[in-house]
Amino acid sequence: MELSQTDLRKELSENILDINKKMEITKMILKGVNYVHQKGYLHRDLKPANILKFNNDVYKVSDFGLIKNSNNESESEILTKIQIALGTVEYMSPEAKKGEYSIQSDIYALGVIMEEMDISAIDGVDDIIRKSTNLRCKDRYQSVSEMLAALNNVIERRNQ
């Protein structure tokens with residue numbers, strides 16, 4: 001098992017990442033969460049402290065302690081059954097604070113992480129953050145792949 005060097009929270013607090021690196025990291029995070037969602041799971045505790053950096057400059061989503069099968073209608077988790085909000089409050093969507101989780105709850109957390117990464121100076125990123133952190137669940141991206149496509153469009157426009 002490979003061990004991480006650090007986490008994104010620490011790197012953001014030390015202000016050691018340039019804007020290009022932050023964009024690259026954002027793309028890795030979105031790809032990781034998209035993979036989790038494609039496997040039918042919700043992370044439910046996305047935050048910079050749960051994004052680990054490894055030796056090869058690869059960032060990976062970690063801490064799957066609150067993961068939930070998004071396709072499972074018959075809840076097996078007692079905490080979910082009684083609608084207790086799980087996760088870190090600063091990254092929780094309004095519905096997650098009520099104990100209701102969906103793909104859009106993870107998308108909301110991703111938007112908050114992007115906001116913390118201070119990349120909104122790049123044209124188009126602010127629109128992604130605004131849409132992913134919309135207070136109305138139905139007005140957010142419907143999937144992380146949709147959010148990733150929007151980010152890729154921003155990157156393409158920036159590189160032209």
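Counted from 1, the sequence shown has number 42 at position 42 by UniProt numbering; the numbering is strictly sequential.
All C-beta atoms in this analysis are idealised placements derived from N, C-alpha and C, irrespective of residue type, glycine included.
As the structure is a computational prediction, the values presented were derived from the model and not from experiment.
Rounded separation between residue i and residue j - CA only
i	j	result
Leu30	Lys22	12 Å
Asp7	Lys131	26 Å
Ser62	Gln160	34 Å
Arg157	Asp139	24 Å
Lys98	Lys60	28 Å
Lys27	Ile155	10 Å
Tyr108	Ala121	20 Å
Leu12	Asp126	18 Å
Thr88	Asp57	26 Å
residue 183	Asn152	Lying outside 1 to 160, the shown extent of the chain, residue 183 is not represented and no answer is given.
Ala49	Lys10	7 Å
Ser102	Glu115	21 Å
Proximity winner among the options, relative to residue i (alpha-carbon distances)
i	options	result
Ile25	Ile119, Glu2, Val36, Ser145	Ile119
Glu95	Val112, Cys137, Phe54	Cys137
Gly113	Ile128, Asn34, Gly32, Lys47	Just to set this straight, residue 113 is Ile in the shown sequence, not Gly. Comparing Cα-Cα distances from Ile113 to each of Ile128, Asn34, Gly32, Lys47, the minimum goes to Lys47.
Asp106	Ser145, Met117, Asp123, Gly124	Ser145
Ser143	Glu2, Leu42, Ile19	Leu42
Simplified DSSP state of residue i, which is helix, strand or coil
i	result
Lys22	helix
Leu52	strand
Asp7	strand
Lys97	helix
Lys60	strand
residue 164	Missing from the structure shown is residue 164; the chain here goes from 1 to 160 and no further.
Glu156	helix
Leu135	coil
Asn15	coil
Lys124	Note that residue 124 is Gly in the sequence shown here, rather than Lys. Coil.
Leu46	coil
Glu116	helix
Glu90	helix
Closer than 8 Å to chain D by CB, residue i
i	result
Asn159	The chain inventory of the structure shown lacks chain D, comprising one protein chain alone.
Counterpart residues of residue i in DSSP-defined beta bridges
i	result
Val144	Paired residue(s): none; Val144 is not in a bridge.
Lys27	Lys27 pairs with nothing; no bridge assigned.
Asn69	Tyr41
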